[in-house]
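This report refers to the structure that appears directly beneath it.
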Amino acid sequence: MYKYFSVVIAALLFLTSCSMHEEIDLAKEGNGFYKIDVDMSQMMAMVKSMSGEKIPDSVSNKVMDTVYSLKGMIDSSGGDFTAEEKKYFYNGTMHAKMNMPENKMSVVLQFPVKNAADLKKFFAVYDKVDSLNKQKRQQEKEAEATAENNAQLDPSKGMMNGNLPFKRTPYIITDTSIERIAVTKEAMQEQMGEEMKGAEMFMSQMNMMVTIKLPRPAKRLEGKNAKLSEDKRTVFLSASMAEMMDNADANTFKVIF
């Protein structure tokens, strides 16, 4: 079974500083991609300090640099998908890098998309796979609770369930526009659950960046933190989690092209 983040890693993702970069490349028709790049290096020291016991050498000395196919994630979801829908995951990859001695960890998910219309279809498939695997995860939760503690101390063991490791931000997409939708503080808290409590002190260190490469120059851009490149073909957005919690619009924009 494919390996993805454990509950421990999911919790720490929201409890410590990290950097998430979401990238959409639609610059070249038929050859674009959707990518999520998360650097959790600063999290690794906390993983060790919160373990409450000596971490086995097999974990503390762990180094990995592996690219996984995401084919198994959609195949094991139990959902009904067309051949075209399966291609997003069959051709998708997850690049996981970890160096426990140096407290470094990063994960990059990448999926192929052809254009804006195809991106919209991909998001629908992504959300369906995510929902189906979360249902399966809930059913297996009790069995997982009996797993050995050492497995929970090893971040790489967290890749054992089929859940998508990151909840994507919602978008409204047409052939001529992309709009990033606001996520309310209440929705964030519900999504993060108990892990959210006491995390306020870390919020200013958590950063979200977005880069969107457009198929043609932008005609108009709206958004507090959004900016355009000089050639108007790339949209940039950057905001901290603290900003997003205080003002949901800090993480939104609409670009018309």
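Heads up: the sequence shown runs through residues -22 to -1, 1 to 235, numbered per mature numbering (1 follows the signal peptide of the UniProt record, and there is no 0).
Positions of the beta carbon are idealized from the N, C-alpha and C atoms, including for glycine.
- At the C-beta level, Asn111 and Ser55 come within 8 Å of one another.
- Residues of the same chain with a CB within less than 8 Å of the CB of Gly8, apart from the 5 flanking positions on each side, are Lys92 and Asn93 in chain order.
- For Phe89, the three-state secondary structure derived from DSSP is strand.
- Given a length threshold of 3 residues, each whole run of the beta strand (DSSP E) inside the segment 24 to 70 is given here in chain order: 41 to 47.
- Straight through space, the alpha carbons of Gln88 and Leu48 are spaced by roughly 9 Å.
- Thr230 is classed as buried because its beta carbon has at least 16 other beta carbons within 10 Å across all chains shown.
- In the structure shown, Met184 falls within a coil segment according to DSSP collapsed to helix, strand and coil.
- Taking C-beta atoms under 8 Å as the contact rule, Leu215 and Ala204 qualify, at a distance of about 5 Å.
- Of the candidates Arg146, Ser84 and Ala196, Arg146 places its Cα closest to the Cα of Glu(-1).
- Closest option to Lys99, judged by alpha-carbon separation, among Lys64, Val188, Ser84 and Lys6: Lys64.
- Rounded to whole angstroms, the separation of the alpha carbons of Met222 and Asn81 is 27 Å.
- Taking Ala160 as the centre and dropping the five residues before and after it, the same chain places the C-beta of Ala226, Asp227, Asn229 and Thr230 closer than 8 Å to its C-beta, in chain order.
- Taking the C-beta atoms as reference points, Ile234 is found nearer than 8 Å to Lys197.
- At a Cβ-Cβ threshold of 8 Å, Tyr68 and Phe101 do not count as neighbours.
- At a Cβ-Cβ threshold of 8 Å, Val107 and Ile52 count as neighbours.
- If you draw a straight line from the Cα of Lys202 to the Cα of Arg158, it comes to about 12 Å.
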